[in-house]
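*Asks:* With the UniProt record's numbering, letter number 89 in the sequence shown gets 89, and the count goes up by one each step, no holes.
Note that CB positions come from ideal geometry on N, CA and C, so glycine has one too.
Please read these numbers as outputs of a predicted model, since none were measured by experiment.
One structure coming up, written as structure tokens, with questions to follow.
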Amino acid sequence: MPLITVSLRQGTTPQYRRLVSEALHKSMVDVLKIPQDDQFHVFHEVTDDNFVMQPVVFGLRRTSRTLFIQLSFNRRGVEQKARLFRAIVANLRLYADVPEEDVMLVAFETARENWWAAGRVVDPATGYDERMTDVPALPDVSEEPGR
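Written out as structure tokens, the structure is:
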């Protein structure tokens, strides 16, 4: 049950937000193998005064269309997250014409026991909803850099 929060400047259309949502969801389904109906996206449109960033960050020019995207899901391996980030950037370009320089991503990983919906918890053996297919093995955190 991943949860995605998108912060963007005020004034976008419902159609644009739908396209961004579709791009994000396709990426999650394709890379994380979540069920098609597992879609929870929240959009926060922010006034210019409350959307503060430098016009150039790490040498990349950002525009007024920059998206701050927060992804919350169970622990995933480093390579799977890298594939997800690449898929999101590619799909945002394809679906909503968002340049890669305008995509800021952060993933928040939560322990599997912290997810709950309608009385269902995830399978304690895998950490995933029982409906998920092609569930990856739980990552070995001892081999990840910085751990």
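If we count the other Cβ atoms within 10 Å of its Cβ and call it buried at 16 or more, is Asn91 buried or exposed?
*Replies:* For the purposes of this step, residue 91 is taken as the residue at position 91 of the sequence shown. Buried is the call here.
*Asks:* Please report the distance separating the alpha-carbon of Gln39 from that of Phe51.
*Replies:* What you label residue 39 is simply residue 39 of the sequence shown in a count that begins at 1. What you label residue 51 is simply residue 51 of the sequence shown in a count that begins at 1. So the alpha carbons of these two residues sit roughly 26 Å apart.
*Asks:* By a C-beta neighbour count over all protein chains shown, 10 Å radius and 16 as the cutoff for buried, is Pro76 buried or exposed?
*Replies:* For the purposes of this step, residue 76 is taken as residue 76 along the sequence shown, with counting starting at 1. According to the sequence as given, residue 76 is Arg; it is not Pro. Under this definition Arg76 is a buried residue.
*Asks:* Determine the DSSP secondary structure at Phe68, reduced to helix, strand or coil.
*Replies:* Numbered from 1 along the sequence shown, position 68 holds the residue referred to as residue 68. Phe68: strand per DSSP, three-state reduction.
*Asks:* Taking the Cβ atom as the reference point for each residue, do Met28 and Pro2 lie within a distance shorter than 8 Å?
*Replies:* Along the sequence shown, read from residue 1 onward, the residue named residue 28 stands at position 28. Along the sequence shown, read from residue 1 onward, the residue named residue 2 stands at position 2. In contact: Met28 and Pro2 (Cβ atoms closer than 8 Å).
*Asks:* If we ignore side chains and look at the alpha-carbon of each, how far apart do Tyr16 and Ala82 end up?
*Replies:* Mapped onto the sequence shown, residue 16 falls at position 16. Mapped onto the sequence shown, residue 82 falls at position 82. So the alpha carbons of these two residues sit roughly 25 Å apart.
*Asks:* Taking only three categories from DSSP, how would you classify Val89?
*Replies:* As a position in the sequence shown, residue 89 is number 89, starting the count at 1. Helix, per DSSP.
*Asks:* Relative to the C-alpha of residue 163, which residue among Thr66, Glu109, Val106, Thr110 is closest?
*Replies:* Past the edges of the chain, shown from 1 to 147, lies residue 163, and the structure says nothing about it.
*Asks:* Where does the unbroken alpha helix (DSSP H) through Ala23 begin, and where does it stop?
*Replies:* As a position in the sequence shown, residue 23 is number 23, starting the count at 1. Looking at the DSSP string, the run of the alpha helix (DSSP H) that includes Ala23 is 14-27.
*Asks:* Report the option in Met53, Lys26, Leu60 whose CA atom is closest to the CA atom of Leu8.
*Replies:* On the sequence shown, residue 8 is found 8 positions in, with the first residue counted as 1. Checked all of Met53, Lys26, Leu60; the closest Cα to Leu8 is Met53.
*Asks:* Assuming contact is defined by CB atoms lying nearer than 8 Å, are Val6 and His41 in contact in what I supplied?
*Replies:* Along the sequence shown, one-based indexing puts residue 6 at 6. Along the sequence shown, one-based indexing puts residue 41 at 41. Result yes, Cβ atoms of Val6 and His41 sit closer than 8 Å.
*Asks:* At the level of alpha carbons, what is the spacing between Ser72 and His44?
*Replies:* Taking the sequence shown and counting its residues from 1, one reaches residue 72 at position 72. Taking the sequence shown and counting its residues from 1, one reaches residue 44 at position 44. When rounded, the distance between both Cα atoms is 16 Å.
*Asks:* If Tyr95 and Leu32 are in contact, beta carbons under 8 Å, what's the gap, nearest whole angstrom?
*Replies:* The sequence position of residue 95 within the sequence shown is 95, counting from 1. The sequence position of residue 32 within the sequence shown is 32, counting from 1. Actually they do not touch by this definition, with Cβ atoms about 18 Å apart.
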